[in-house]
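Taking it in order: structure first as structure tokens, then the write-up.
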Ligand SMILES: Cc1ncc(COP(=O)(O)OP(=O)(O)O)c(N)n1
Ligand SMILES: Cc1nc(C(=O)O)sc1CCOP(=O)(O)O
Ligand SMILES: [Mg+2]
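Residue numbers (full-length UniProt numbering): 1 to 216.
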């Protein structure tokens with residue numbers, strides 16, 4: 001799980017300035033290790049259109065062995081036979097989602113140590129901590145928690161698979177991993193890049209090199 005979290009790409013059609021399938025293809029080519037379909041925000045697809053896009057993105061991930069996670073929508077994840085679901089503190093309760101999805105991957109968003117402990121008690125496979133820095137990609141994001149919260153959680157929960165999210169860039173990926181995150185989850189660092197494949201390669205190298213240096 002910790003290896004899969006290394007470079008976690010989160011994306012929906014509203015995040016893309018070009019065809020989401022092309023964006024995902026380039027990101028896969030660049031080395032993403034996990035993908036989350038997050039069709040959310042103003043102009044997001046609904047119903048059958050959302051399902052059809054998810055199906056096509058899933059096909060791309062399957063062809064390259066990239067785990068495909070669905071954000072929020074447990075029904076969609078089950079219907080698609082996706083690899084997992086990611087839910088936040090305001091979504092369906094993690095315990096219930098775990099019951100519904102069996103042994104598929106379950107990711108839970110957290111903002112502090114108490115929520116990490118609760119997520120582990122609900123048998124989450126990993127936690128997503130954020131926002132680490134201010135983000136432009138989530139309207140209702142909480143206040144940035146900074147690197148200190150990563151260090152705090154890692155000091156108390158040495159083994160929890162933890163991916164950091166929110167405002168992470170090529171410049172901040174290294175300190176985020178050094179603080180104790182197992183990986184970075186990004187939207188804009190990939191979606192807004194001029195050359196998606198090259199940018200993804202750079203992020204992958206930074207994460208992997210930093211983990212290796214720390215013996216992880
Ligand atoms: C990897 C990862 N971490 C956190 C989140 C945020 O989930 P949530 O708080 O439920 O907010 P929405 O993404 O649903 O708006 C995430 N999606 N992925
Ligand atoms: C989806 C999401 N969740 C967050 C959280 O804090 O839980 S921040 C965020 C958006 C991440 O996008 P970007 O890499 O563009 O900042
Ligand atoms: Mg959510």
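Just so it is clear, CB atoms sit at the ideal spot from N, CA and C, and this is done for glycine as well.
Proximity of the beta carbon of residue 188 to ligand 2 is indicated: a heavy atom of the ligand is located closer than 7 Å. Membership of residue 189 in the alpha helix (DSSP H) is indicated by the continuous run 188-191. 71 is the residue among 21, 34, 71 and 22 whose C-alpha sits nearest the C-alpha of residue 41. Residue range 47-63 is occupied by the alpha helix (DSSP H) that includes residue 47. Taking residue 98 as the centre and dropping the five residues before and after it, the same chain places the C-beta of 106, 122 and 123 closer than 7 Å to its C-beta, in chain order. Boundaries of the alpha helix (DSSP H) around residue 156: 146-156. Between residue 15 and residue 137, the gap from beta carbon to beta carbon is short of 8 Å. The beta-bridge partner set that DSSP reports for residue 85 consists of 70 and 106.
Taking C-beta atoms under 8 Å as the contact rule, residue 160 and residue 120 qualify, at a distance of about 6 Å. Boundaries of the beta strand (DSSP E) harbouring residue 128: 126-129, taken from the DSSP string. In the displayed model, residue 199 falls within a helix according to three-state DSSP.
For residue 48, the number of other beta carbons within 10 angstroms of its own is below 16, and it is reported as exposed. Here the distance from the Cβ of residue 36 to the nearest heavy atom of ligand 1 is below 7 Å. Taken atom to atom, the span from the alpha-carbon of residue 59 to that of residue 172 is near 31 Å. As the crow flies, the alpha-carbon of residue 180 is around 19 Å from that of residue 9.
The nearest non-hydrogen atom of ligand 3 is less than 7 Å from the C-beta of residue 91. Between the C-alpha atoms of residue 33 and residue 203 there is a straight-line separation of about 11 Å. Distance check between residue 95 and each of 111, 25, 117 and 207 places 117 closest, using alpha-carbon atoms only. Note on geometry: alpha-carbon atoms of residue 102 and residue 205 lie some 34 Å from one another. Of the candidates 104, 113 and 134, the residue whose Cα lies closest to the Cα of residue 1 is 104.
Distances from the CA of residue 100 to each of 85, 148 and 22 were compared; the closest alpha carbon is that of 85. Out of 43, 108, 31 and 45, the CA that lies nearest to the CA of residue 69 is found in 108. Within the model, the alpha-carbon separation for residue 6 versus residue 185 is close to 8 Å.
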